[in-house]
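Enquirer: Quick one: the structure is below, questions incoming.
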Amino acid sequence: MRAVVQRVSQASVMVGEEMKSSISSGILALIGIEQDDTLDDMNYMVDKILNLRIFNDSRGIMNLSLLDLNLELLGVSQFTLYGDTRKGRRPSYNKAASPDHARKLFSDLEEMFLQRHQRCRFGEFQAHMDVSLMNDGPVTLLIDSRKEF
250 MRAVVQRVSQ ASVMVGEEMK SSISSGILAL IGIEQDDTLD DMNYMVDKIL NLRIFNDSRG
310 IMNLSLLDLN LELLGVSQFT LYGDTRKGRR PSYNKAASPD HARKLFSDLE EMFLQRHQRC
370 RFGEFQAHMD VSLMNDGPVT LLIDSRKEF
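Following the numbering used here, the numbering of the sequence shown begins with 250 at its first residue and continues without gaps.
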(Lines of atoms letter the chains of each structure in order from A; the text may use other names.)
(Lines give C-alpha, C1' and ligand atoms only; values in the text may rest on other atoms or scores of the structure.)
Protein backbone atom coordinates (compact mmCIF):
# COMPACT_ATOMS: atom_id res chain seq x y z
CA MET A 250 0.00 0.00 0.00
CA ARG A 251 1.27 3.44 -0.88
CA ALA A 252 0.24 6.92 0.13
CA VAL A 253 1.12 10.48 -0.76
CA VAL A 254 0.48 12.39 2.46
CA GLN A 255 0.13 16.17 2.40
CA ARG A 256 -0.30 18.55 5.30
CA VAL A 257 -3.11 20.87 4.24
CA SER A 258 -4.91 23.94 5.48
CA GLN A 259 -7.91 22.80 3.43
CA ALA A 260 -8.81 20.09 0.91
CA SER A 261 -11.91 18.94 -0.93
CA VAL A 262 -13.18 16.37 -3.41
CA MET A 263 -15.78 17.08 -6.07
CA VAL A 264 -17.48 14.34 -8.10
CA GLY A 265 -19.10 16.03 -11.06
CA GLU A 266 -20.90 19.05 -9.63
CA GLU A 267 -21.29 17.49 -6.17
CA MET A 268 -19.04 18.30 -3.22
CA LYS A 269 -18.25 14.80 -1.96
CA SER A 270 -16.01 15.69 1.01
CA SER A 271 -14.03 18.58 2.42
CA ILE A 272 -11.78 19.25 5.39
CA SER A 273 -10.06 22.21 6.96
CA SER A 274 -6.63 21.74 8.60
CA GLY A 275 -5.29 18.22 8.53
CA ILE A 276 -3.99 15.62 6.10
CA LEU A 277 -4.90 14.77 2.53
CA ALA A 278 -3.85 11.17 1.85
CA LEU A 279 -3.87 9.80 -1.69
CA ILE A 280 -3.85 6.02 -1.18
CA GLY A 281 -2.99 3.27 -3.67
CA ILE A 282 -3.71 -0.40 -3.06
CA GLU A 283 -1.48 -3.18 -4.39
CA GLN A 284 -2.80 -6.58 -5.43
CA ASP A 285 -0.93 -8.31 -2.57
CA ASP A 286 -1.86 -5.91 0.24
CA THR A 287 -2.94 -7.51 3.51
CA LEU A 288 -4.42 -6.49 6.84
CA ASP A 289 -0.86 -5.83 8.04
CA ASP A 290 -0.35 -3.28 5.25
CA MET A 291 -3.65 -1.62 6.13
CA ASN A 292 -2.84 -1.44 9.86
CA TYR A 293 0.59 -0.02 9.08
CA MET A 294 -0.86 2.69 6.84
CA VAL A 295 -3.63 3.73 9.25
CA ASP A 296 -1.24 3.91 12.19
CA LYS A 297 1.45 5.74 10.23
CA ILE A 298 -0.86 8.39 8.74
CA LEU A 299 -2.75 9.14 11.95
CA ASN A 300 0.42 9.35 14.05
CA LEU A 301 2.82 11.13 11.68
CA ARG A 302 4.31 14.05 13.59
CA ILE A 303 4.12 16.65 10.81
CA PHE A 304 2.34 19.47 12.63
CA ASN A 305 4.20 22.22 14.48
CA ASP A 306 4.29 22.43 18.24
CA SER A 307 4.50 25.73 20.15
CA ARG A 308 8.22 25.97 19.27
CA GLY A 309 7.60 25.60 15.54
CA ILE A 310 8.97 22.05 15.44
CA MET A 311 7.10 19.31 13.55
CA ASN A 312 6.36 17.28 16.65
CA LEU A 313 2.57 16.76 16.72
CA SER A 314 0.26 14.36 14.91
CA LEU A 315 -3.20 14.72 13.44
CA LEU A 316 -4.50 12.83 16.49
CA ASP A 317 -2.63 15.09 18.93
CA LEU A 318 -4.38 18.12 17.46
CA ASN A 319 -7.72 16.45 16.62
CA LEU A 320 -7.40 17.54 12.98
CA GLU A 321 -9.13 16.08 9.93
CA LEU A 322 -8.17 13.47 7.34
CA LEU A 323 -9.33 13.32 3.74
CA GLY A 324 -8.54 9.94 2.17
CA VAL A 325 -8.73 9.48 -1.60
CA SER A 326 -8.15 6.21 -3.47
CA GLN A 327 -5.62 6.53 -6.27
CA PHE A 328 -4.56 3.42 -8.19
CA THR A 329 -2.11 5.46 -10.29
CA LEU A 330 0.33 5.40 -7.35
CA TYR A 331 1.21 1.93 -8.66
CA GLY A 332 1.92 3.17 -12.17
CA ASP A 333 5.23 1.72 -13.37
CA THR A 334 6.89 4.11 -15.84
CA ARG A 335 10.22 2.31 -16.23
CA LYS A 336 9.39 0.97 -19.71
CA GLY A 337 7.86 2.89 -22.56
CA ARG A 338 5.72 5.98 -22.23
CA ARG A 339 2.45 4.54 -20.96
CA PRO A 340 2.38 3.57 -17.27
CA SER A 341 1.69 -0.07 -16.44
CA TYR A 342 -0.66 -0.72 -13.53
CA ASN A 343 0.05 -4.45 -13.17
CA LYS A 344 0.86 -4.14 -9.45
CA ALA A 345 -2.32 -2.21 -8.63
CA ALA A 346 -5.14 -4.23 -7.11
CA SER A 347 -8.09 -5.09 -9.33
CA PRO A 348 -11.02 -2.68 -8.92
CA ASP A 349 -13.19 -5.21 -7.02
CA HIS A 350 -10.39 -6.19 -4.64
CA ALA A 351 -9.28 -2.58 -4.14
CA ARG A 352 -12.87 -1.46 -3.46
CA LYS A 353 -13.16 -4.02 -0.63
CA LEU A 354 -9.79 -3.11 0.89
CA PHE A 355 -10.41 0.63 0.62
CA SER A 356 -13.81 0.24 2.28
CA ASP A 357 -12.16 -1.73 5.09
CA LEU A 358 -9.44 0.92 5.31
CA GLU A 359 -12.08 3.65 5.68
CA GLU A 360 -13.61 1.73 8.60
CA MET A 361 -10.20 1.30 10.22
CA PHE A 362 -9.51 5.03 10.01
CA LEU A 363 -12.96 5.86 11.43
CA GLN A 364 -12.53 3.41 14.32
CA ARG A 365 -9.38 5.30 15.34
CA HIS A 366 -10.49 8.86 14.53
CA GLN A 367 -13.99 10.15 13.77
CA ARG A 368 -12.82 13.22 11.84
CA CYS A 369 -12.11 11.30 8.62
CA ARG A 370 -13.69 11.93 5.23
CA PHE A 371 -13.19 10.12 1.95
CA GLY A 372 -13.46 10.53 -1.78
CA GLU A 373 -15.59 8.27 -3.95
CA PHE A 374 -13.96 5.03 -4.99
CA GLN A 375 -13.36 4.61 -8.75
CA ALA A 376 -14.94 7.97 -9.59
CA HIS A 377 -13.36 10.75 -11.59
CA MET A 378 -12.70 13.31 -8.86
CA ASP A 379 -11.52 16.90 -8.78
CA VAL A 380 -9.26 17.10 -5.73
CA SER A 381 -8.39 20.57 -4.47
CA LEU A 382 -5.94 21.34 -1.72
CA MET A 383 -3.94 24.07 -0.12
CA ASN A 384 -0.67 22.43 0.89
CA ASP A 385 0.58 23.81 4.21
CA GLY A 386 4.36 24.19 4.26
CA PRO A 387 4.49 22.55 1.82
CA VAL A 388 4.80 19.22 3.62
CA THR A 389 4.43 16.18 1.35
CA LEU A 390 5.59 12.66 2.22
CA LEU A 391 5.61 9.30 0.45
CA ILE A 392 4.73 6.22 2.50
CA ASP A 393 4.96 2.59 1.41
CA SER A 394 3.81 -0.21 3.72
CA ARG A 395 6.54 -2.45 2.28
CA LYS A 396 9.08 0.33 2.90
CA GLU A 397 10.19 0.36 -0.75
CA PHE A 398 11.06 4.05 -0.50
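Cβ atoms here follow ideal geometry from the backbone N, Cα and C, with glycine treated the same way.
#1: Residues in its own chain within less than 6 Å of F304 by CB, not counting five upstream and five downstream?
#2: Could you tell me the distance, in whole angstroms, from the CA atom of V388 to the CA atom of Q255?
#3: Do you know offhand how far I276's Cα is from T287's?
#4: Less than 8 Å between the C-beta atoms of R302 and M311, yes or no?
#5: When we look at the beta-carbon of D290 and count the other beta-carbons within 10 Å, is it buried (16 or more) or exposed?
#6: So which of V257, I282, L322 and S326 has the shortest CA-CA distance to H377?
#7: Going by Cα to Cα distance, which pick from G337, R335 and Y331 is closest to I392?
#8: In whole angstroms, what separates the C-alpha of R370 from that of G337?
#9: When the Cα of E397 is compared with those of S270, R352 and E283, which residue comes out closest?
#10: Among A260, L390, D285 and N384, which one has its Cα closest to the Cα of E321?
Expert: According to the data block:
#1: These residues qualify, in order along the chain: L313 and L318.
#2: 6 Å
#3: 23 Å
#4: yes
#5: buried
#6: S326
#7: Y331
#8: As the crow flies, the alpha-carbon of R370 is around 36 Å from that of G337.
#9: E283
#10: A260
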